Amino acid sequence: MSADVIIKNARLNEKDELYSLFIKDGKFIDIQSLKQKKEEGFKKQNLENKSALSNKTIIDAAGQLILPALIETHIHLDKACIFSRCQLKEGTLEEAITQTAKAKASFTYDDVYQRGKKVIEKAIKQGTSFMRTHVEIDPVIGLISFNAIKQLKIDYAWAMTVELCVFPQEGLHNNPGTFELLEQTLQQGADLLGGCPYTDSEPQRQIETLFKLASKYDVDLDFHLDFDLNPNNMSLPYIIEMTEKFNYQHRVTVGHVTKLSAIEPEKLYIIAKKMASAGVQLTALPSTDLFLTGRDHQYNIPRGVAPLMSLAKAGVCCSISSNNIENPFTPYGDASQIRQANLYANVAQLATQSELSKCMHWISTDSAKLMSLSNYGIRVGMDADVNFFNAQNESEVIATVLAPTMGLKRGKITFERKEVELFFPD
1 MSADVIIKNA
11 RLNEKDELYS
21 LFIKDGKFID
31 IQSLKQKKEE
41 GFKKQNLENK
51 SALSNKTIID
61 AAGQLILPAL
71 IETHIHLDKA
81 CIFSRCQLKE
91 GTLEEAITQT
101 AKAKASFTYD
111 DVYQRGKKVI
121 EKAIKQGTSF
131 MRTHVEIDPV
141 IGLISFNAIK
151 QLKIDYAWAM
161 TVELCVFPQE
171 GLHNNPGTFE
181 LLEQTLQQGA
191 DLLGGCPYTD
201 SEPQRQIETL
211 FKLASKYDVD
221 LDFHLDFDLN
231 PNNMSLPYII
241 EMTEKFNYQH
251 RVTVGHVTKL
261 SAIEPEKLYI
271 IAKKMASAGV
281 QLTALPSTDL
291 FLTGRDHQYN
301 IPRGVAPLMS
311 LAKAGVCCSI
321 SSNNIENPFT
331 PYGDASQIRQ
341 ANLYANVAQL
351 ATQSELSKCM
361 HWISTDSAKL
371 MSLSNYGIRV
381 GMDADVNFFN
391 AQNESEVIAT
401 VLAPTMGLKR
411 GKITFERKEV
421 ELFFPD
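With UniProt numbering applied, the sequence shown covers 1 to 426.
What follows is the structure, given as structure tokens:
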């Protein structure tokens, strides 16, 4: 089979020699090291044979590192870029929810679409090619945000694969009409169902209700969970219980779970092993978690971010994500997953090459497992979704917060970043 795109002189992670990668119909059909090509007298896709290169796209990586596309497992496109509309005084979770609820009352379809568009385009330029966005559903906003984000999913499919996770931010059983709207979105194409038990008048009842609804429509679940630094009254054990009861192993993700940072190592290990056994996955959201938690401490302020390394060592599938961009939950952000992974490395004091590589996996390969992406990775038969970096290995990318120079989605270039040029005096 003849390739229609060829990447030559590419560096693969932890490989010494350079490679040529051959792409056909958006998938890798062959990967050859230059050494292997010479030893086998490779002729089929000979890069020196000009007649074989007609009508092909040739990309010279010039020794750049090629890594799989980045993955955003937890973001809120619908309420991004609204910080200027809000009045922040305390910086607490409760204030963020209240301020966002006020702003949400004036959201329009075009408003949500344009703000979501802004973030998606930023994310594409930062090398993100897959995104799970949570979308608030309640009687105030109705289906306005859902419809706008659903259209964005269609419009940007050329560069970004988007999953829509609908959820009741302001409660379910204390918010009449929300359940019916959630079910309506599932009937209209929502990809999965989310929850936020800590805002509900009946947290455990919300969890069980959502498991039943997800089972009915055969969709995965992704909960906002245990978002404070009080180790008591965790909802996570009940999530594990419901996961096993509904036979939903490896289909349930929990986000935040900052309570895990406040429990002793022995207790953490026990609950981590239970999570791994039940296939409950976890996403840390360092920018938001650092901004909102620990505000009741005047000194010796806790970090308050889920301990991913301990969880991963126990077998839990983990990821890192942005959560929010420029709103009361997170006033910052440029949609760079590399920056989030670097932030987490700082907070968790991770510095060795293997630790930094693990941070990269939490925004790429491990995130792909969390989102059940079956065609992900740089292997024959996988989709050609990759980024180019001026680096020797993936740990260097995280350590130096390195932005990608180019990205491909199914073998087609989606963005290119020109190198900044210095103008030295004559």
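For glycine and all other residues, C-beta sits at the position ideal for the given N, C-alpha and C. Just so it is clear, the structure is predicted and the values come from calculations on it, not from any experiment.
Measuring alpha carbon to alpha carbon, tell me which residue in VAL386, PRO425, ARG303 and PHE227 is nearest GLY26.
What you label residue 26 is simply residue 26 of the sequence shown in a count that begins at 1. Ranking the options by Cα distance to GLY26, first place goes to VAL386.
Taking ARG132 as part of the beta strand (DSSP E), name the residues at either end of that continuous run.
For the purposes of this step, residue 132 is identified with residue 132 of the sequence shown, where counting begins at 1. Taken as a continuous stretch (DSSP letters only), the beta strand (DSSP E) holding ARG132 covers 128 to 136.
For GLU17 and LEU34, what's the separation of their Cα atoms in angstroms?
Walking along the sequence shown from the start, residue 17 turns up at place 17. Walking along the sequence shown from the start, residue 34 turns up at place 34. Distance between the alpha carbons of GLU17 and LEU34: 7 Å.
By a C-beta neighbour count over all protein chains shown, 10 Å radius and 16 as the cutoff for buried, is VAL380 buried or exposed?
The count along the sequence shown starts at 1 and reaches residue 380 at position 380. Flag for VAL380 reads exposed.
Looking at the secondary structure, which residues open and close the beta strand (DSSP E) in which LEU356 lies?
Looking up residue 356 in the sequence shown gives position 356. Per DSSP, LEU356 belongs to no beta strand (DSSP E); it is in the alpha helix (DSSP H), 353 to 361.
The region 227 to 239 / the region 200 to 215 touching (three or more Cβ pairs under 8 Å):
yes
With burial defined as no fewer than 16 other Cβ atoms inside 10 Å of the residue's Cβ, what is the status of ASN175: buried or exposed?
In the sequence shown, residue 175 corresponds to position 175, counting from 1. It is buried - the Cβ of ASN175 has at least 16 other Cβ atoms within 10 Å.
Assign GLY116 to one of three DSSP states: helix, strand, or coil.
In the sequence shown, residue 116 corresponds to position 116, counting from 1. In the structure shown, GLY116 sits in a helix (DSSP, three-state: H, G or I).
Among the residues of its own chain, which have a CB less than 6 Å from the CB of GLY411, if the five just before and after it don't count?
Within the sequence shown, residue 411 is the residue found at index 411, counting from 1. The answer, listed in chain order, is VAL5, ILE23, GLY26 and ALA384.
How is the alpha helix (DSSP H) around PHE388 delimited, first residue to last?
The residue labelled residue 388 in the question sits at position 388 within the sequence shown. Premise fails: PHE388 lies in the beta strand (DSSP E), 386 to 389, not in any alpha helix (DSSP H).
Pull up the DSSP beta-bridge partners for residue 429, would you.
Outside the modelled stretch of the chain, which goes from 1 to 426, sits residue 429, for which no answer is possible.
Excluding the 5 residues flanking LEU172 on each side, which residues of the same chain have their C-beta closer than 7 Å to its C-beta?
Translated into the one-based positions of the sequence shown, residue 172 becomes position 172. Once the five neighbours on either side are set aside, the close Cβ partners of LEU172 are THR178, PHE179, ASP200, GLN206 and THR209.
Beta bridge counterpart(s) of LYS409 as assigned by DSSP:
As a first step, residue 409 is located in the sequence shown; it is residue number 409 there, counting from the start. DSSP output for LYS409 lists LYS412 as bridge partner(s).
Nearest-angstrom beta carbon gap, LEU356 and VAL399 [assumed within contact, 8 Å]:
Residue numbering aside, residue 399 sits at position 399 when the sequence shown is read from its first letter. Residue numbering aside, residue 356 sits at position 356 when the sequence shown is read from its first letter. Per the sequence shown, residue 399 should be read as Ala rather than Val. Contact holds; Cβ gap of about 6 Å.
Buried or exposed: residue 432, going by 16 or more other Cβ atoms within 10 Å of its Cβ?
In the structure as shown, the chain starts at 1 and stops at 426, and residue 432 therefore has no counterpart that could be examined.
Do you know offhand how far THR293's Cα is from ASN9's?
Numbered from its first residue, the sequence shown carries residue 293 at position 293. Numbered from its first residue, the sequence shown carries residue 9 at position 9. Straight-line Cα distance between these residues: approximately 46 Å.
Excluding the five sequence neighbours on either side, which residues of its own chain have a C-beta within less than 7 Å of the C-beta of CYS317, listed in chain order?
In the sequence shown, residue 317 corresponds to position 317, counting from 1. For CYS317, where only same-chain residues beyond five positions count, the Cβ hits under 7 Å are GLN281, ASP366, LYS369 and LEU370.
Per the contact definition of three or more C-beta pairs closer than 8 Å, is the region 99 to 106 in contact with the region 69 to 88?
yes
Short of 7 Å in beta carbon distance, which residues of its chain neighbour THR185, apart from the five on each side in sequence? Order them along the chain.
Counting from one through the sequence shown, the residue named residue 185 turns up at place 185. The residues are ILE137, LEU143, PHE146 and VAL166.
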